[in-house]
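What follows is a short report on a single structure.
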Amino acid sequence: MSPKKTSAHDLPANPAANLERLGRNIRAARKLRGLSMQDLAARTMTTRETIRRLENGHPGVSLGVLAHVLWVLQLDDQLGDMAALESDPMGRAMAVSRLPQRVATERNDDLDF
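Using the UniProt record's numbering, the first residue of the sequence shown is number 1, and each one after it goes up by one.
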């Protein structure tokens with residue numbers, strides 16, 4: 001059985017809108033650099049159709065293709081920081097909420113201070 005293809009309808013509205021915005025940004029960057037879809041496809045060793053799908057925000061385009069396109073466009077610097085711990089306020093809040101209310105310490109009269 002082949003895997004189900006992912007469509008834009010499979011995503012919640014917010015992630016789908018973010019992919020569409022990313023695609024528009026990639027299209028604008030490509031055009032600013034004077035590259036046709038075919039030029040970008042050739043440089044990223046993919047097809048024009050894949051570039052079209054990426055620029056339309058299709059969720060089925062692989063992360064590898066996205067990373068390669070961003071690299072060719074010299075926009076890949078922020079890719080690794082997208083889910084960085086230091087920019088995750090929800091994760092930090094969850095970690096803080098799990099901190100113990102009290103910290104018990106062992107009494108040891110042999111401690112040298």
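By construction, the Cβ of each residue, glycine as well, lies at the ideal position given by its N, Cα and C atoms.
Neighbourhood of residue i by C-beta, 7 Å cutoff - its chain only, sequence neighbours within 5 removed
i	result
S2	Only weak support exists for where S2 lies, its pLDDT of 49 falling under 50; the value from the coordinates is given anyway. Result list for S2: empty, nothing under 7 Å.
G91	L85
A95	none
Simplified DSSP state of residue i, which is helix, strand or coil
i	result
N14	helix
S2	Reliability of the predicted coordinates at S2 is poor, the pLDDT of 49 falling under 50, and the value obtained from them is presented with this limitation in mind. Coil at S2, not helix or strand.
Q101	coil
R33	coil
H68	helix
V61	coil
D81	helix
T44	coil
L73	coil
R107	coil
N25	helix
D39	helix
Beta carbon of residue i nearer than 7 Å to that of residue j
i	j	result
I51	A41	yes
L73	G23	no
E20	G57	yes
L70	L79	yes
L99	P59	no
Close-in-space but distant-in-sequence residues of the same chain around residue i (CB under 6 Å, 5 per side omitted)
i	result
R30	L40
For the stretch 30-50 and the stretch 78-90, state whether three or more C-beta atom pairs, one from each stretch, are separated by less than 8 Å. These segments do not touch.
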